[in-house]
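What follows is one structure encoded as structure tokens, with my remarks underneath.
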Amino acid sequence: GAGVSQTPSNKVTEKGKYVELRCDPISGHTALYWYRQSLGQGPEFLIYFQGTGAADDSGLPNDRFFAVRPEGSVSTLKIQRTERGDSAVYLCASSLLGSGAWTDTQYFGPGTRLTVL
Amino acid sequence: GDSVTQMEGPVTLSEEAFLTINCTYTATGYPSLFWYVQYPGEGLQLLLKATKADDKGSNKGFEATYRKETTSFHLEKGSVQVSDSAVYFCALSDFSNAGGTSYGKLTFGQGTILTVHP
Numbered sequence: 004g005a006g007v008s009q010t011p012s013n014k015v016t017e018k019g020k021y022v023e024l025r026c027d028p029i030s031g032h033t034a035l036y037w038y039r040q041s042l043g044q045g046p047e048f049l050i051y052f053q054g055t056g057a058a059d060d061s062g063l064p065n066d067r068f069f070a071v072r073p074e075g076s077v078s079t080l081k082i083q084r085t086e087r088g089d090s091a092v093y094l095c096a097s098s099l100l101g102s103g104a105w106t107d108t109q110y111f112g113p114g115t116r117l118t119v120l
Numbered sequence: 420g421d422s423v424t425q426m427e428g429p430v431t432l433s434e435e436a437f438l439t440i441n442c443t444y445t446a447t448g449y450p451s452l453f454w455y456v457q458y459p460g461e462g463l464q465l466l467l468k469a470t471k472a473d474d475k476g477s478n479k480g481f482e483a484t485y486r487k488e489t490t491s492f493h494l495e496k497g498s499v500q501v502s503d504s505a506v507y508f509c510a511l512s513d514f515s516n517a518g519g520t521s522y523g524k525l526t527f528g529q530g531t532i533l534t535v536h537p
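So the protein lines, in turn, are chains W and H.
Residues in the first sequence are numbered consecutively from 4, following this note's numbering.
Residues in the second sequence are numbered consecutively from 420, following this note's numbering.
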């Protein structure tokens, strides 16, 4: 079946602008995660959704970052007043939420490369 | 907090050479351990995983054993191929709980670039 999809694949914006990044998880996956990968680094956790609710947003760097998942499937990561330091690849992952969910495999999308000029 | 340390890279090998990429971790709980791979131009994909001590994960000729006593999860392959050239990430997922349901956010190492020459 289809994997995790993310749109757009590339986004170039100017400093101070607002951007939205979309993630479409694997059908039936209840858990959805957002990560951010800076150049030469491993991905870093941003936020976790359990169904429609953001159960853990401890990785969001500041209040310019916000994410929603209104119907429990597609999620949108929103960044206000973008800064050059926000430039990175934003990754989305989904997984089944079983009873031992920390053992679950997370399936990653191809990512959105955000460049803030 | 949780952390993952991978050996410094990049690693350059000739085809058919033996590969080891070291990975050690620090975790407060009893984590699951993963190796993810990122091939050129592609997204992250799971290579192998182990969920308890002494488990060995294996896939595509790669292996890694969960060593709780040394907090390590080293990746090995006996004979690498040019097609194995990629970036390899070690990661852990520790138990977390929200609203009565467990979940696991991944903590990644910095990645190791592997280049295999013919």
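Note that CB positions come from ideal geometry on N, CA and C, so glycine has one too.
Output the boundary residues of the beta strand (DSSP E) element that contains residue 91 of chain W.
-> The count along the first sequence starts at 1 and reaches residue 91 of chain W at position 88. For residue 91 of chain W, the enclosing beta strand (DSSP E) covers residues 91–98.
Members of the stretch 466–479 of chain H near chain W, C-beta cut-off 7 Å = Those would be 468 and 470, in chain order.
Cβ pair count under 8 Å reaching 3, the stretch 25–32 of chain W against the stretch 40–48 of chain W | Output reads no: the stretch 40–48 of chain W does not touch the stretch 25–32 of chain W.
Can you name, in chain order, every residue of its own chain whose Cβ lies under 6 Å from the Cβ of residue 431 of chain H, other than the five neighbours on each side?
-> As a first step, residue 431 of chain H is located in the second sequence; it is residue number 12 there, counting from the start. The beta carbon of residue 431 of chain H lies closer than 6 Å to those of 534 in the same chain, with the five residues before and after it left out.
CB-CB under 7 Å to residue 19 of chain W, same chain, minus the five flanking residues each way: which ones, in chain order?
-> By one-based count along the first sequence, residue 19 of chain W stands at place 16. These residues qualify, in order along the chain: 84 and 85.
Report buried or exposed for residue 7 of chain W, applying the criterion of at least 16 other Cβ atoms within 10 angstroms of its Cβ.
-> What you label residue 7 of chain W is simply residue 4 of the first sequence in a count that begins at 1. It is buried - the Cβ of residue 7 of chain W has at least 16 other Cβ atoms within 10 Å.
Contact belief for residue 51 of chain W with residue 522 of chain H at Cβ below 8 Å, rounded distance in angstroms = The residue labelled residue 51 of chain W in the question sits at position 48 within the first sequence. The residue labelled residue 522 of chain H in the question sits at position 103 within the second sequence. With 8 Å as the limit, residue 51 of chain W and residue 522 of chain H qualify as a contact, their Cβ atoms being about 6 Å apart.
Within its chain, find whatever has a CB closer than 6 Å to the CB of residue 491 of chain H; leave out the 5 residues flanking it on each side and keep chain order.
-> Mapped onto the second sequence, residue 491 of chain H falls at position 72. Result list for residue 491 of chain H: 443, in chain order.
Three-state secondary structure (DSSP) at residue 1 of chain W?
-> The structure shown has nothing for residue 1 of chain W, since chain W only spans 4 to 120.
Taking three-plus beta-carbon pairs below 8 Å as touching, is the stretch 448–464 of chain H in contact with the stretch 496–511 of chain H?
-> These segments touch.
Cβ neighbours of residue 484 of chain H in the same chain (closer than 6 Å, five flanking residues each side left out) | Taking the first residue of the second sequence as position 1, residue 484 of chain H is located at position 65. In its chain, beyond the 5 residues on either side, 475 have a beta carbon closer than 6 Å to the beta carbon of residue 484 of chain H.
Beta-carbon separation of residue 463 of chain H and residue 457 of chain H under 8 Å?
-> Taking the second sequence and counting its residues from 1, the one referred to as residue 463 of chain H is at position 44. Taking the second sequence and counting its residues from 1, the one referred to as residue 457 of chain H is at position 38. In contact: residue 463 of chain H and residue 457 of chain H (Cβ atoms closer than 8 Å).
Could you pull out every residue in the same chain whose Cβ sits closer than 6 Å to the Cβ of residue 435 of chain H, ignoring the five residues on either side in sequence?
-> Here residue 435 of chain H refers to the residue found at position 16 when the second sequence is read from its first residue. Result list for residue 435 of chain H: 498, in chain order.
So is residue 500 of chain H in contact with chain W if we call contact Cβ pairs under 8 Å?
-> Here residue 500 of chain H refers to the residue found at position 81 when the second sequence is read from its first residue. For residue 500 of chain H, the nearest beta carbon of chain W is not closer than 8 Å to its own beta carbon.
So with Cβ pairs under 8 Å, would you call residue 508 of chain H a contact of chain W?
-> Position 89 of the second sequence holds residue 508 of chain H. Chain W contact via Cβ: present.
4-residue-minimum alpha helix (DSSP H) runs that sit fully inside the stretch 451–506 of chain H, ordered along the chain | Whole alpha helix (DSSP H) segments, 4+ residues: zero.
Determine the chain H residues that contact residue 114 of chain W at a beta-carbon separation under 9 Å, and present them in chain order.
-> On the first sequence, residue 114 of chain W is found 111 positions in, with the first residue counted as 1. Neighbours of residue 114 of chain W on chain H, chain order: 462 and 463.
Cβ shell of residue 72 of chain W (< 7 Å), same chain only, five flanking positions each side left out = Numbered from its first residue, the first sequence carries residue 72 of chain W at position 69. Correct list, in chain order: 35, 52, 55 and 78.
For residue 447 of chain H, is the classification buried or exposed, using 16 other Cβ atoms within 10 angstroms of its Cβ as the cut-off for buried?
-> Counted from its first residue, the second sequence places residue 447 of chain H at position 28. Result: exposed.
Could you say which of W/75, W/91 and W/45 lies nearest to residue 97 of chain W if we only look at CA atoms?
-> Taking the first residue of the first sequence as 1, we reach residue 97 of chain W at position 94. When C-alpha distances from residue 97 of chain W are compared across W/75, W/91 and W/45, the shortest belongs to W/75.
The beta strand (DSSP E) enclosing residue 56 of chain W, as first and last residue numbers | One-based indexing of the first sequence puts residue 56 of chain W at position 53. Looking at the DSSP string, the run of the beta strand (DSSP E) that includes residue 56 of chain W is 56–59.
Thinking just about the alpha-carbon of each residue, which of W/90, W/70 and W/95 is nearest to the one in residue 118 of chain W?
-> Along the first sequence, one-based indexing puts residue 118 of chain W at 115. Out of W/90, W/70 and W/95, W/90 has the C-alpha closest to the C-alpha of residue 118 of chain W.
Answer with yes or no whether the minimum CB distance from residue 437 of chain H to chain W is below 8 Å.
-> Position 18 of the second sequence, counted from the first residue, corresponds to residue 437 of chain H. No - not a single Cβ of chain W is within 8 Å of the one on residue 437 of chain H.
Can you tell me the Cα-Cα spacing of residue 87 of chain W and residue 17 of chain W, whole angstroms?
-> Translated into positions along the first sequence, residue 87 of chain W becomes position 84. Translated into positions along the first sequence, residue 17 of chain W becomes position 14. Cα to Cα, the separation comes out at about 8 Å.
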